[in-house]
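A short write-up of the structure that comes next.
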Amino acid sequence: MHPDVVRTEPGECPKCGMALEPREVSAEPENNPELADMTRRFWVGLILTVPLVVIAMGDYIPGVSIEAMIPRAVGVWIEWLLATPVVLWCGWPFFVRAWRSLHGWNLNMFTLIGLGVAVSYIYSCVATLFPQIFPASFRDATGNVAVYFEAGAVIVTLVLVGQVMELRARSQTNAAIKALLGLAPKTARRIAADGTEDDVPLEQVRIGDRLRVRPGEKVPVDGAVVDGQSSVDESMITGEPMPVEKHAGEPVTGATINGTGSLVIEARRVGRDTLLAQIVQMVSQASRSRAPIQNLVDVVAAYFVPTVIVSAIVTFIVWAIIGPEPAMAYAIINAVAVLIIACPCALGLATPMSIMVASGKGASTGVLFKNAEAIQTLRRVDTLVVDKTGTLTEGRPRLQDVVATADFDDNEVLRLAATLERGSEHPLATAIVQGAEERGIQPGQYTDFESVTGQGVKGRIDERAVALGNPALMDTLGVQAAALTQRAEALRAEGKTAMFLAVDGQPAGLVAVADPIKPSTPEAIRALHEEGIRVVMLTGDSQTTARAVARSLDIDEVIAGVLPDQKAESIKTLQAEGRFVAMAGDGINDAPALAQAQVGIAMGTGTDVAMESAGVTLVKGDLRGIVRALKLSRATMRNIKQNLFFAFAYNAIGVPVAAGVLYPFIGLLLSPAIAAAAMSLSSVSVVGNALRLRRTAV
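Numbers 1 to 698, taken from the UniProt record's numbering, label the letters of the sequence shown in order.
Laid out in C-alpha cells, this is it:
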C-alpha cells in the first residue's frame with residue numbers, strides 16, 4: 001500500500017504490515033507463499049480453537065455442563081495446552097509485525113492485534129499459573145480468576161481467516177492485467193529468407209522478421225502488414241467491438257485476433273516495446289501509485305492507532321473503577337475488545353484496492369491511467385480542450401484543391417508546393433507530396449530550405465525563391481496576396497486548410513488540404529456534452545477553417561491561430577476563468593499544454609512525448625475513450641468514498657460498543673472474539689466493494 005517501500009522478495013510492508021504486492025504481474029498462476037502460510041496456520045488454529053471454545057463456553061449451552069465432565073482445574077490446563085500453539089505459532093506473524101510497528105513507530109493494525117492477543121493470553125497464563133496473587137476484584141462469585149485463552153485463540157483464528165480471504169480477494173484485483181498478459185501468443189510463425197516457415201517461441205522474434213498470421217490466429221507482435229488483407233479484432237486492447245480492415249502498409253498490434261484472411265507482417269516492436277507490454281507496465285505503475293485522497297487517510301491513520309490505545313486504557317480504568325464484579329476481569333476483556341475491533345485494516349485497504357481494480361478495468365477498455373492522481377482528478381474536469389489534427393480528425397490530411405494565379409498553372413503550383421514540402425515532416429506536407437504523386441507530378445529539388453514555426457516553409461527551387469504557408473508568412477515576406485484571400489476564405493469555410501504559395505515575392509496560388517474528421521468524433525462530442533463537459537477546440541488553423549469544423553461537430557468554443565508555444569498559455573487562460581481543464585492531444589507540440597492542464601490526455605496514436613506528458617492515454621486515439629475514462633474516474637471515487645465510509649463508520653460504531661457504553665442501558669458487551677470477526681469482515685467487505693468496479697459500465 002506504500003509505493004515507496006520496495007523489496008527484492010515477498011514480505012510485509014514495514015509501515016502498514018500488509019503483504020507487499022509484486023511490482024510485475026505474471027500471466028502464469030501465482031505462487032503466493034504468504035497465502036499458503038496463512039492458510040496452513042488458519043487450519044491448525046481452527047482445529048485447536050473449536051474444542052477450546054467448546055470447553056470454555058460449553059456451560060453457556062443449554063443442557064450442557066462441561067464442568068461436570070471436566071473439572072475446572074483440569075479444564076483450565078487443557079485450554080492452556082490448546083491455546084498456546086494457536087497464539088504462539090498460528091499468531092506468530094502478527095506478533096512479528098506488531099513488534100516491527102512498535103520498533104519503527106509505524107503503528108498499524110497489527111500493533112492493536114498484537115497488543116490485544118498478548119494481553120488476553122499473558123493475563124490468562126498468569127491466572128492459570130499463579131491464581132493466588134490476584135485480589136478479589138479479579139475473582140468471580142465462586143472465587144475463581146477467569147481466564148480468556150479462548151478469546152486470544154479465536155482472535156488469532158478469525159484474523160487469519162480474514163487475512164486468507166483478503167489475500168485471495170487482492171489477487172483478483174490484478175485479474176485485468178493477467179487477462180491482458182494472457183492475450184499474447186506463445187509462438188510466432190516466422191518466414192525464413194528461403195521462404196520456409198517455422199513456429200518459434202515469441203522470445204526469438206526480432207525486429208524485421210517476417211511473420212505469417214493465419215486466419216483466427218493472434219498477431220504475435222506489433223508490426224506492419226507487408227502482404228495480404230484481413231479484418232482484425234482489436235477489441236481486447238481498444239474496447240471497440242468492430243473489426244478493423246488491414247491492408248499492406250497498415251499497422252497491426254500484438255495480441256489482436258486475425259479474421260478470415262492470411263497476413264504476412266514485418267515485426268516492428270517486440271518484447272517490452274510492444275503496445276501490450278507498455279499497457280501492462282502503465283497499469284502496474286498506476287495500481288502502485290497513491291491517490292491524493294490517500295494523504296488524508298494517512299494523516300488520520302497516524303493519529304488513529306495511538307487514539308485507540310488511549311481509548312483502550314481509558315476503557316480499562318473506567319471498568320476497573322466502576323464496573324461490576326469482577327471489575328478487573330471486565331476491564332481487561334473490554335480493553336482487549338476495543339483494541340481488536342478498532343484495527344484500521346479496512347482503512348488501509350480502502351483506497352489502494354479501488355485504484356488497483358480501476359487501473360485494470362481502464363486498461364481492458366482502452367484507457368490507461370498513468371497514476372492514481374489522474375484517476376482521482378479526472379472526475380472534476382468541466383472543460384475539455386482538444387487539438388484538431390489527429391484528435392478530432394484522422395491526422396492524415398489529403399490534398400483537396402489547387403488554385404493558380406494567371407501567371408501559373410495548377411500543375412506548376414502543385415509541383416513547387418510538393419517540392420518544397422519534401423523537406424517538412426508536417427502531416428500537411430505529406431498530404432501535398434502524396435497528392436502530387438497521385439496526380440502524376442514528381443517533386444523536384446530544393447535548396448536553402450527553412451521551416452518557420454507556426455507559419456510555413458520557404459526555400460529555393462530552380463533558382464527561384466519559393467514560400468508556402470499561411471497569411472502570417474506572406475506578411476512576413478511582404479507578399480501581397482489579397483487577390484487570393486477571398487478564395488482562401490471560401491476554402492476554409494468548407495473546413496479546408498488553405499496555404500498560400502509565393503514565387504519570387506509574388507503570389508502564385510493556393511493549395512488546400514483537408515483532414516477528415518474521425519467517424520467516432522461526433523458521437524464522442526455528444527457523449528461529452530451529456531456528461532456536462534464543455535468542449536473547446538485549440539488549433540493552429542485559421543478561424544474560418546476551425547469554425548467550419550466546430551460547426552459540424554457542435555463544439556462549444558474555438559481558439560484558432562494558436563502557435564505551438566501558445567497552447568499552454570491558452571490552457572492557463574481557461575484555468576484563470578475558474579475552469580478545471582483536461583487537454584487532449586497527440587503531437588510533440590501538445591506536450592507543454594498537456595502538462596499545463598489539470599489532466600493531460602494523450603492519443604495512443606500520437607507521439608511518445610505526448611504520452612509521457614499526459615496522465616491518461618487513450619490506446620485507440622478515440623475521444624469516446626475520454627467518456628469511458630470520465631465515467632470510470634467518477635465510479636472509482638464513489639467506490640473509494642464508500643470504502644472510507646465503511647471503515648470510519650465501522651470504527652465509530654464498534655469502538656464505543658466494545659468499550660461498553662451500551663452496558664448500562666441494555667447490558668450489551670462485545671466479546672473480543674466477536675470484535676475480531678467484525679474486524680476481519682470489515683476488511684473483506686472493503687475489498688469486495690472495490691472488486692465491484694470490475695462490473696462498472698463504461
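A virtual CB, placed ideally from N, CA and C, is assigned to each residue, including glycine.
Can you tell me the Cα-Cα spacing of residue i and residue j, whole angstroms?
{"i": "G606", "j": "K620", "result": "Residue placement at G606 is flagged as unreliable, the pLDDT there being 48, under the threshold of 50; the coordinate-derived value follows with that caveat. Cα to Cα, G606 sits roughly 10 Å from K620."}
{"i": "K496", "j": "A482", "result": "19 Å"}
{"i": "P443", "j": "A436", "result": "8 Å"}
{"i": "L491", "j": "I279", "result": "41 Å"}
{"i": "Q229", "j": "T39", "result": "53 Å"}
{"i": "R464", "j": "L618", "result": "45 Å"}
{"i": "A610", "j": "D590", "result": "Interpretation of A610 is limited by its pLDDT of 49, a score under 50 that renders its predicted location unreliable; the figure taken from the coordinates is listed afterwards. Roughly 6 Å separates the two Cα atoms."}
{"i": "T539", "j": "Q204", "result": "44 Å"}
{"i": "T545", "j": "K186", "result": "49 Å"}
{"i": "L52", "j": "W99", "result": "27 Å"}
{"i": "T157", "j": "S364", "result": "38 Å"}
{"i": "Q294", "j": "L670", "result": "31 Å"}
{"i": "L107", "j": "A302", "result": "7 Å"}
{"i": "F646", "j": "V686", "result": "7 Å"}
{"i": "F110", "j": "G75", "result": "30 Å"}
{"i": "A597", "j": "L428", "result": "27 Å"}
{"i": "V397", "j": "T476", "result": "Correcting the residue type first, residue 397 is Pro in the shown sequence and not Val. About 26 Å."}
{"i": "V221", "j": "T274", "result": "7 Å"}
{"i": "T196", "j": "R272", "result": "27 Å"}
{"i": "A697", "j": "E531", "result": "15 Å"}
{"i": "A502", "j": "T419", "result": "13 Å"}
{"i": "I517", "j": "V549", "result": "8 Å"}
{"i": "V86", "j": "V44", "result": "7 Å"}
{"i": "D209", "j": "S262", "result": "17 Å"}
{"i": "P522", "j": "T393", "result": "11 Å"}
{"i": "P672", "j": "P243", "result": "59 Å"}
{"i": "N258", "j": "F369", "result": "28 Å"}
{"i": "L468", "j": "G456", "result": "6 Å"}
{"i": "T206", "j": "V219", "result": "Here the sequence assigns Arg to residue 206, which means Thr is not the residue at that position. If I take the Cα positions, the gap works out to 14 Å."}
{"i": "G454", "j": "Q543", "result": "14 Å"}
{"i": "P93", "j": "E150", "result": "19 Å"}
{"i": "G654", "j": "A677", "result": "12 Å"}
{"i": "P131", "j": "C125", "result": "9 Å"}
Less than 7 Å separating the beta-carbons of residue i and residue j?
{"i": "V511", "j": "V402", "result": "yes"}
{"i": "M114", "j": "F95", "result": "In the sequence as displayed, the identity of residue 114 is Gly instead of Met. Cβ atoms of G114 and F95: closer than 7 Å."}
{"i": "I341", "j": "A675", "result": "yes"}
{"i": "T49", "j": "A153", "result": "yes"}
{"i": "K631", "j": "A593", "result": "no"}
{"i": "M353", "j": "V684", "result": "no"}
{"i": "V299", "j": "M537", "result": "no"}
{"i": "V479", "j": "P519", "result": "no"}
{"i": "K246", "j": "V226", "result": "no"}
{"i": "Y446", "j": "I461", "result": "yes"}
{"i": "A224", "j": "R190", "result": "no"}
Assuming the contact rule is C-beta atoms closer than 8 Å, residue i and residue j should be a hit. Round their C-beta distance to whole Å, please.
{"i": "V200", "j": "A188", "result": "6 Å"}
{"i": "S570", "j": "V562", "result": "6 Å"}
{"i": "T253", "j": "E234", "result": "6 Å"}
{"i": "G390", "j": "D586", "result": "4 Å"}
{"i": "G362", "j": "A629", "result": "7 Å"}
{"i": "D410", "j": "A417", "result": "That pair is no contact at about 11 Å."}
{"i": "A327", "j": "S137", "result": "5 Å"}
{"i": "L160", "j": "F42", "result": "4 Å"}
{"i": "D554", "j": "R534", "result": "The pair is not a contact, with the Cβ atoms about 12 Å apart (cut-off 8 Å)."}
{"i": "R212", "j": "V264", "result": "5 Å"}
Quick check: the region 653-666 against the region 375-389, are there 3 or more CB pairs under 8 Å?
As far as the Cβ criterion goes, the region 653-666 does not touch the region 375-389, which means the pair count is below three.
If contact is defined by three or more beta carbon pairs under 8 Å, each pair taking one atom from either stretch, is the region 355-371 in contact with the region 680-697?
Contact holds: three or more Cβ-Cβ distances are below 8 Å.
Taking only runs of the beta strand (DSSP E) that begin and end inside the region 528-594, which ones reach a length of at least 3 residues, in chain order?
Given a length threshold of 3 residues, each whole run of the beta strand (DSSP E) inside the region 528-594 is given here in chain order: 534-538, 557-559, 581-585.
Unbroken beta strand (DSSP E) runs of length 3 or more, entirely within the region 447-525: which are they?
If we require 3 residues or more, the beta strand (DSSP E) runs fully inside the region 447-525 come out as 447-452, 456-461, 464-469, 497-503, 506-514.
Are the region 637-646 and the region 421-440 touching by the rule of at least three beta carbon pairs closer than 8 Å?
Of all C-beta pairs linking the region 637-646 to the region 421-440, fewer than three are shorter than 8 Å, placing the two stretches out of contact.
Would the region 141-157 count as touching the region 361-373 if we require 3 or more Cβ pairs under 8 Å?
The region 141-157 is not in contact with the region 361-373.
Validate contact between the region 326-335 and the region 648-656 using beta carbons, cut 8 Å, 3 pairs
Taking 8 Å as the limit for Cβ pairs, the verdict is that the region 648-656 does not touch the region 326-335.
Check whether the region 515-530 and the region 624-636 are in contact - that is, three or more C-beta pairs closer than 8 Å.
Remark: three or more beta-carbon pairs, one from each stretch, lie closer than 8 Å, so the region 515-530 and the region 624-636 are flagged as touching.
Ignoring anything shorter than 4 residues or poking outside the UniProt domain "P-type ATPase A" (183-283), list the alpha helix (DSSP H) runs there in chain order.
Secondary structure in the UniProt domain "P-type ATPase A" (183-283): the alpha helix (DSSP H) runs of 4 residues or longer, each lying completely within the stretch, are 235-238 in chain order.
Scan the region 612-659 and note each continuous alpha helix (DSSP H) run of 4 residues or more that stays entirely inside, going in chain order.
If only uninterrupted alpha helix (DSSP H) runs of at least 4 residues are considered, those enclosed by the region 612-659 are 624-659.
May I have a chain-ordered list of the beta strand (DSSP E) segments no shorter than 3 residues that lie completely inside the region 389-431?
As for any beta strand (DSSP E) of minimum length 3 sitting wholly inside the region 389-431, the runs are 398-404, ordered along the chain.
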